[in-house]
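There are 2 protein chains.
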Amino acid sequence: MEALRKKIREEGRVTENDILKVDAFLNHQLDVAFLNEIGKEFRRIFADRTFTKILTIEASGIAIASIVAQYFGVPVLFAKKSRSQNIDGDTFRSEVTSYTYEKKAFTITVSKKFLNENDKVLIIDDFLAEGNALKGLIDVVKQSNAHVEAIGIVIEKAYQSGGKTLRAEGFDIVSLARIAEMKNGSLTFVEDEEE
Amino acid sequence: MEALRKKIREEGRVTENDILKVDAFLNHQLDVAFLNEIGKEFRRIFADRTFTKILTIEASGIAIASIVAQYFGVPVLFAKKSRSQNIDGDTFRSEVTSYTYEKKAFTITVSKKFLNENDKVLIIDDFLAEGNALKGLIDVVKQSNAHVEAIGIVIEKAYQSGGKTLRAEGFDIVSLARIAEMKNGSLTFVEDEEE
Chain A
0 MEALRKKIRE EGRVTENDIL KVDAFLNHQL DVAFLNEIGK EFRRIFADRT FTKILTIEAS
60 GIAIASIVAQ YFGVPVLFAK KSRSQNIDGD TFRSEVTSYT YEKKAFTITV SKKFLNENDK
120 VLIIDDFLAE GNALKGLIDV VKQSNAHVEA IGIVIEKAYQ SGGKTLRAEG FDIVSLARIA
180 EMKNGSLTFV EDEEE
Chain B
0 MEALRKKIRE EGRVTENDIL KVDAFLNHQL DVAFLNEIGK EFRRIFADRT FTKILTIEAS
60 GIAIASIVAQ YFGVPVLFAK KSRSQNIDGD TFRSEVTSYT YEKKAFTITV SKKFLNENDK
120 VLIIDDFLAE GNALKGLIDV VKQSNAHVEA IGIVIEKAYQ SGGKTLRAEG FDIVSLARIA
180 EMKNGSLTFV EDEEE
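Protein chains in written order, with numbering that gives the first Met the number 0: chain A, 0 to 194; chain B, 0 to 194.
Structure, rendered in C-alpha cells:
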C-alpha cells in the first residue's frame, strides 16, 4: 500500500535502537481518516471473503480493527492483556511471550460468549514481528473452534520470523507494508510486486 | 440517548455485585454500527463546538473515541496506562487511583509531541463513576496548556461522585446514559429531561 509506505516515511521515525515509532498516526495519536484508507484497502484485498468477526488485541489494535470493521459490517472483539494467572472458566486464555512489552510474558483473554464454532475470523493487528501476539490470538480462535479466515497486518517486519513461520503453517496473511531492513535510523521496504 | 438505554437494558447485565457488564457491545466485543450512532449523537450535541483533538484512555475508550472522531474530523490521542514510575521527559504523566482495575494505582502517559496550548480537547470515555481516570486526563491536558472544551461519556454512574464533582468545577460533561441506581441485579436510569 503505497500511501502507507509514504505515511511511514514521512511520519514514522526509526530510533537509535532501530525501533520504528509510528505513534504520530497509528498507535498513540490516531489519524482516523488514514485508518479509513487502511479499512478500504483491506476491503479491496478481501473483497470476495466472508468474515463474521474481527479479532484484535488491546491496546493498539483496537482503533485499526474498529475502523476496518466498518468496511465489513461485523463486530470487533479485542483480546485483553492480563498479568494474572486466574483460572476463569468463562474465558479462552493464551500465554504470550512479549519482546516489546517489558520483555515479560502476559496472558490474553477472550470471553467464551463472543467466539464460537460458527465464526469466520479476520485477525487484525498493527505489527507483525516475531508473531507472538498473533500466535496467541490464533490459539484463542482454535480453542473456540472458530476458523481463522485471514490475517490483516498494517506493518510487518519481514526480517523477523513471525510472518514466514505462520505463512508456512498455511495462514493467509496480508501485510500492507513490509519492512525489509532497519538500520542506522532508516528503513527500506520490501517491494510489493502485487501493486 | 434512548437507543443507548435500550441497548444497555437488552444487552447489558448487572452482576451479583452490582457491576454493569456491557462487554457485549462496548468494551470487549464492539458493536461498531452502534458506536457510529454514539458518534452521531455526540456530533448532534456538540454541533456548534470546535475541537482539535479527542483524548481518551486505553483500552476501552479507544474504539469509541476512534469512531466518534470520524464525526469531528480530528485525530484521537489515547493515554497509555503504565505501572512504571519511569521519569520520561517526553511525556505528560498523571497518577490515577483505580477502583476497578485491581484496585491499584497506575500512571497514565501522553507524549508531549501530541498535545499543546493550541489544542481544544474533547475527552471521550466509556464510563464515569468516581472520575479518577477522567481527573488524570484533565490533569494531562492542563500540563500541556491545552483546554478541555467538553467531556463526552457513554455511561455515567450518577450515584457516584465523579460527575457531580467535576461539573461543580465547571467542566461541560455530557453523558449519553445516566444510571440512577443498581441493585438486586437490575438498574434504573436518570430520566433525561432534555430528550
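Here a beta-carbon is modelled for each residue, glycine too, at the ideal position from N, C-alpha and C.
Asked, Found
"Per-residue DSSP class, three states only, for B/L19", "strand"
"Residue-level contact to chain A via CB, B/L76, 7 Å cutoff", "yes"
"At least 3 beta-carbon pairs within less than 8 Å: the region 14 to 27 of chain A vs the region 43 to 56 of chain A", "no"
"From B/L121, B/T55, B/L76 and B/E36, residue whose alpha carbon lies closest to that of B/E1", "B/E36"
"Cutoff 6 Å; reference B/K156; Cβ partners in own chain excluding five residues on either side", "A128 and I178"
"CA nearest to the CA of A/K141, picked from A/N183, A/V67, A/I122 and A/Q159", "A/I122"
"Those residues which DSSP pairs with B/T55 across a bridge", "B/F77"
"Closer than 9 Å at the beta carbon, the chain C residues around B/E57", "Reference to chain C is not applicable here, since the protein chains of this structure are A and B."
"B/A176 versus B/F188 - alpha carbon distance", "7 Å"
"Closer than 7 Å to chain B by CB, A/H146", "no"
"Contacts of A/Q69 in chain B (Cβ-Cβ under 7 Å)", "V31"
"Within 7 Å, strictly: CB atoms of A/S174 and A/I152", "yes"
"Buried/exposed call for A/E194, threshold 16 Cβ in 10 Å", "Since pLDDT at A/E194 reaches only 46, below the 50 mark, its modelled position is unreliable, and the value read off the structure follows with that caveat. Its Cβ having fewer than 16 others within 10 Å, A/E194 is exposed."
"Between the CA atoms of A/P74 and A/E15 - distance to the nearest angstrom", "39 Å"
"Per-residue contacts from B/I66 into chain A (C-beta, under 7 Å)", "S65"
"Distance between beta carbons of A/I53 and A/V67, contact taken as under 8 Å", "6 Å"
"Beta-bridge pairing of A/I172 - partner residues as DSSP gives them", "A/I150"
"Among A/E180, A/L133, A/T51 and A/E40, nearest to A/L165 - alpha-carbon criterion", "A/L133"
"Members of the region 101 to 112 of chain A near chain B, C-beta cut-off 9 Å", "E101, V109, S110 and K112"
"Segments assigned beta strand (DSSP E), at least 3 residues, entirely inside the region 116 to 161 of chain B", "119 to 127 and 146 to 156"
"Contacting residues, own chain, Cβ-Cβ under 7 Å from B/D30 (five flanking each side not counted)", "F24"
"Inter-residue spacing [alpha-carbon to alpha-carbon] between B/S110 and B/N183", "43 Å"
"Outcome for B/S160 when other beta-carbon atoms lying within 10 angstroms are tallied against a minimum of 16", "exposed"
"For A/R42, the first and last residue of its enclosing alpha helix (DSSP H)", "V31 to I44"
"Alpha-carbon spacing of B/E180 relative to B/V13, whole angstroms", "11 Å"
"Separation of B/K6 from A/E9, as counted between CA atoms", "42 Å"
"Neighbourhood of B/G11 by C-beta distance below 7 Å, restricted to the same chain and skipping five residues each side", "L19, K20 and V21"
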